[in-house]
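Enquirer: One structure follows; several queries about it will come next.
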Amino acid sequence: MKDFNPAPETASIVSVTDRVTNVKLDAPATAVHFLSDVAAFVGAEESVTFAGSDGEAKPVAVHGGGILCSASDGKRIVMGGDDGKLISLDAKSNIVTLATDAKRRWIDNVALHADGAVAWSAGKTAFVRAPKGEEKSLDVPSTVGGLAFAPKGVRLAVAHYNGVTLWFPNMGAKPEFLEWKGSHLGVTFSADNRFLVTSMHEAALHGWRLADSRHMRMTGYPARVRSMSWSAGGKFLATSGSDSVILWPFASKDGPMGKEPGMLAPLQAKATVVACHPKDDVFAVGYSDGTILMVR
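The sequence shown begins at 72 in the numbering used here and counts up by one.
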């Protein structure tokens with residue numbers, strides 16, 4: 072982010088807008104991922120649009136209907152759709168159908184592991200496919216709300232009603248259940264593998280310290296949290312759901328318990344999506360009125 076620091080002799084302030092490239096999309100985008108230096112805008116239906124620094128848009132048809140979820144490891148994007156298909160797309164527009172649900176159920180959650188494993192869900196069933204192609208499944212008590220791989224080891228968190236199931240698909244051990252009443256949707260591990268956090272149907276987050284399953288309740292939001300992102304190094308969890316970005320501290324052994332969250336970039340609009348830089352203490356935030364800010 073050093074390019075945003077003007078030289079001492081520069082009279083005017085360098086603006087981020089000087090480095091903005093406009094990209095014209097034919098349909099609304101629900102997510103964006105980077106494959107190297109190419110931005111990939113995942114559309115709400117059927118296609119992904121690639122765009123480079125020149126802003127030229129190159130749509131690629133990938134699904135036969137709505138695209139319900141997506142995840143990327145920087146090399147490929149894996150998407151699930153209401154056509155019951157799990158699709159992989161790389162920067163060269165190579166399309167691979169990884170799975171087709173036998174019952175043609177919607178594939179509405181997906182997660183990727185650093186070793187190449189992929190997880191997805193359809194209804195109450197979570198699936199994991201290893202890099203070599205072996206596929207396993209697990210049924211949970213209710214519809215899967217979210218999926219996340221742990222940063223160390225092949226352990227999958229499956230969020231659902233009344234808690235989260237922690238599953239080691241490569242082991243025969245019984246999955247571990249972390250209970251908390253309510254509907255759990257998005258789920259994420261801290262980078263150091265010490266904490267697990269879910270966004271809930273209500274306007275709150277819930278978390279567990281994994282060493283002893285201690286509960287962590289994070290409330291006070293005026294709206295549901297729909298976006299979460301860990302800061303570089305994992306010291307903070309940035310979240311939407313308010314008229315400012317809420318940053319919960321996770322540097323200590325107790326996480327955010329007994330501590331007040333930070334509140335940055337307040338506006339008279341709701342923060343709807345946040346994204347932290349992977350290396351620098353910078354985050355981007357989008358608001359309900361269309362405003363986008365970069366904050367450090």
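Note that the Cβ used here is the ideal one computed from N, Cα and C, for glycine as well.
1) Around the C-beta of D351, are 16 or more other C-beta atoms found within 10 angstroms, so that it is buried, or is it exposed?
2) Between which residues of its own chain and G357 is the CB-CB distance below 7 Å, once the five residues before and five after are set aside?
3) Return the bridge partner residues of H277 from the DSSP annotation.
4) Grouping DSSP H, G and I as helix and E and B as strand, with all else coil, what is T92?
5) So the candidates are D210, A185 and T214; which of them puts its Cα closest to the Cα of G194?
6) Can you tell me where the beta strand (DSSP E) holding S452 begins and where it ends?
7) Which one or two residues does DSSP pair with R147 in a beta bridge?
8) Buried or exposed: where does N165 fall if 16 or more other Cβ atoms within 10 Å of its Cβ makes it buried?
9) Following the continuous beta strand (DSSP E) through H231, name the residue where it begins and the one where it ends.
10) Looking at S315 and A282, is the spacing between their C-beta atoms short of 8 Å?
11) Could you give the first and the last residue of the continuous beta strand (DSSP E) run that contains I363?
12) Tell me which same chain residues have a C-beta within less than 8 Å of the C-beta of A188, skipping the five on either side of it?
13) Residues bridged to I39 by DSSP?
14) Determine the DSSP secondary structure at G305, reduced to helix, strand or coil.
15) Give the single residue among V131, I138, K129 and V133 whose Cα lies nearest to the Cα of A102.
16) Taking the beta carbon of V87 as the centre, do at least 16 other beta carbons fall within 10 Å, making it buried, or is it exposed?
17) What is the DSSP secondary structure of V199, reduced to helix, strand or coil?
Expert: This is what the structure holds:
1) Numbered from its first residue, the sequence shown carries residue 351 at position 280. Exposed, by the Cβ-count rule.
2) Here residue 357 refers to the residue found at position 286 when the sequence shown is read from its first residue. Same-chain partners within the cutoff: T343, V344 and I363.
3) Numbered from its first residue, the sequence shown carries residue 277 at position 206. In the DSSP assignment, H277 forms a beta bridge with T269 and R288.
4) Stepping through the sequence shown from its first residue, residue 92 is reached at position 21. DSSP places T92 outside both helix and strand once states are collapsed to three, so it counts as coil.
5) Position 123 of the sequence shown holds residue 194. For G194, the nearest C-alpha among the options comes from T214.
6) The question about residue 452 has no answer, for the chain in this structure spans 72 to 367.
7) For the purposes of this step, residue 147 is taken as the residue at position 76 of the sequence shown. DSSP output for R147 lists D161 as bridge partner(s).
8) Within the sequence shown, residue 165 is the residue found at index 94, counting from 1. When all chains shown are included, N165 counts as exposed.
9) Counting from one through the sequence shown, the residue named residue 231 turns up at place 160. Residues L227 to W238.
10) The residue given as residue 282 occupies position 211 in the sequence shown. The residue given as residue 315 occupies position 244 in the sequence shown. With respect to the 8 Å criterion, A282 and S315 are not classified as neighbours on the basis of their beta carbons.
11) Counting from 1 along the sequence shown, the entry for residue 363 is found at position 292. For I363, the enclosing beta strand (DSSP E) covers residues I363 to V366.
12) Within the sequence shown, residue 188 is the residue found at index 117, counting from 1. V199, R200, A201, P202, F220 and V225, listed in sequence order.
13) Because residue 39 is not part of the residues shown, which for the chain are 72 to 367, the question remains open.
14) As a first step, residue 305 must be located in the sequence shown, where it is residue number 234. Helix.
15) The residue labelled residue 102 in the question sits at position 31 within the sequence shown. Answer by Cα proximity: I138.
16) As a working note, residue 87 is residue 16 in the sequence shown. Around the beta carbon of V87, a 10 Å sphere encloses fewer than 16 other beta carbons of the protein chains shown; the residue is thus reported as exposed.
17) In the sequence shown, the residue the question calls residue 199 occupies position 128. In the displayed model, V199 falls within a strand according to three-state DSSP.
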